[in-house]
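Engineer: Going by our numbering, 153 is the number at position 149 of the sequence shown; the sequence numbering is gapless.
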Amino acid sequence: MIAFDLRQYDSIGSTNNEAMRLARAGAAHGTVVCAREQTAGRGRQARRWHSPAGNLHASVLLRTDLPPGRIPQLSFVAALAVADAADAFLPGHARAELKWPNDVLIRGAKVAGILIESADATVIIGIGMNIAHAPPNAPYPVTTLAASGGGLLDPGAILQVLLQALRHRFSHWRDQGFATVRTDWLARAHPAGSPLRLTVGDRSIEGRFADLGHDGALVLETADGLERFVAGEVIVPPTP
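#1: Throw me the rounded Cβ distance for the Ile128 and Met24 pair, which I believe falls under 8 Å.
#2: Since Leu170 is in the alpha helix (DSSP H), which residue starts that stretch and which ends it?
#3: First and last residue of the beta strand (DSSP E) that includes Leu202?
#4: Can you find the residues in the same chain that come closer than 6 Å, C-beta to C-beta, to Ser63, ignoring five residues on each side of it along the sequence?
#5: If distances are taken between C-alpha atoms only, which option among Trp189, Ser208 and Val240 comes closest to Ala221?
#6: Considering only the alpha carbon of each residue, which of Ala27, Pro76, Asn59 and Arg67 lies closest to Ala151?
#7: Measuring straight from C-alpha to C-alpha, what distance separates Asp3 and Gly45?
#8: Using three-state DSSP, classify Ile75 as helix, strand or coil.
#9: Quick one, which of Thr68, Val81, Leu109 and Gln77 has its alpha-carbon nearest His194's?
#10: Under the rule that 16 or more other beta-carbon atoms within 10 Å means buried, what is Leu202, buried or exposed?
#11: Rounded to whole angstroms, what is the Cα-Cα separation between Leu10 and Ser175?
#12: Where Arg74 and Ala138 are concerned, what is the direct C-alpha to C-alpha distance, given to the nearest angstrom?
#13: Nearest to Phe213 by alpha carbon, out of Val115, Phe93 and Gly229?
#14: Could you say which of Leu94, Pro76 and Glu101 lies nearest to Val234 if we only look at CA atoms?
#15: Looking at C-alpha atoms only, which residue of Arg28, Ala39, Ala27 and Ala31 is the closest neighbour of Ile16?
#16: Going by beta carbon distance, what residues of the same chain come within less than 7 Å of Ser208, once the five residues before and after it are set aside?
#17: In this structure, does DSSP put Phe213 in helix, strand or coil?
#18: Here's the rule I'm using: 16 or more other beta-carbon atoms within 10 Å means buried, otherwise exposed. How should Gln42 be labelled?
#19: Ala169 and Val86: beta carbons closer than 9 Å?
#20: What is the DSSP secondary structure of Val240, counted as helix, strand or coil?
#21: Going by DSSP, what residue range makes up the beta strand (DSSP E) through Arg232?
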């Protein structure tokens, strides 16, 4: 069971950077860095992450003795926890969706992203959620939890729900493995056969979603048959 220790900041450069600094200073498993705003927030592939006040910006420090090969699975664990938290504030039977490996969507538009960073036996899970504000001029559809029917929401209240979900998801994954995580992730992901475009460096691969591997790899059905990918950026082409 994770005992969370919340460290709150009004403004900070990057919650992930601060969490890693605290880790090097000896901070405990379960330390959480949360900021009202970030001035140098970043996402995957070093992209700038829009981080104004009113959104959720948090990083969770985990210390684990699990094999390094299991660490990438935390992307899916965290994505499910964020989706669980989003569901709690969505109206009716609306449910958050997932895009490989860990983008969280509502009705096809991105509402949250996750950045996993590790060093030795320390893992930092960085989470950014659009609660009141969506980034301007994003190259893909974006939304906010408020615009999706959540109304006026307190980031602190959402963080508490998120941490409860993460505690549950992390404990189950640590003790039971990836199988249930994979099943639950697939239940929220693009259906089998959905057209996807994957960019890996300068390479662009067109295919259809086939499966999530038992190691978290993306399996695409391409012109060359089934192919597995462990890195890349997924784009869901617009419906004609």
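In this text, a Cβ means the ideal position worked out from N, Cα and C, and glycines have one as well.
Given the structure is predicted, the values throughout are model-derived calculations rather than measurements.
Structural biologist: By the coordinates alone:
#1: Between Ile128 and Met24 the beta-carbon gap is near 6 Å, inside 8 Å, which marks them as a contact.
#2: Residues Pro159 to Gln180.
#3: Start and end: Pro199 to Val204.
#4: The beta carbon of Ser63 lies closer than 6 Å to those of Thr19, Asn20, Ala23, Val37, Ile128 and Gly130 in the same chain, with the five residues before and after it left out.
#5: Looking at Trp189, Ser208 and Val240, the one whose alpha-carbon comes closest to that of Ala221 is Trp189.
#6: Minimum Cα distance to Ala151 is reached at Asn59.
#7: Examination of residue 3 is not possible in this model, given that the chain is present from 5 through 244 alone.
#8: If DSSP states are grouped into helix, strand and coil, Ile75 belongs with the helices.
#9: Measuring from the Cα of His194, the nearest candidate turns out to be Leu109.
#10: Note on Leu202: 16 or more other CB atoms within 10 angstroms of its CB, so buried under the neighbour-count rule.
#11: The C-alpha of Leu10 lies about 19 Å from the C-alpha of Ser175.
#12: Put simply, the backbone Cα of Arg74 is about 32 Å away from that of Ala138.
#13: It is Gly229 whose Cα lies nearest to the Cα of Phe213.
#14: When Leu94, Pro76 and Glu101 are compared, the shortest CA-CA separation from Val234 is found for Pro76.
#15: Looking from the CA of Ile16, the closest CA among Arg28, Ala39, Ala27 and Ala31 belongs to Ala39.
#16: The residues are Arg201.
#17: In the structure shown, the three-state DSSP call for Phe213 is strand.
#18: Answer is buried; the Cβ neighbour count reaches 16.
#19: Going by C-beta atoms, Ala169 is nearer than 9 Å to Val86.
#20: Reduced to three states, the DSSP call for Val240 is coil.
#21: Gly229 to Phe233 is the extent of the beta strand (DSSP E) around Arg232.
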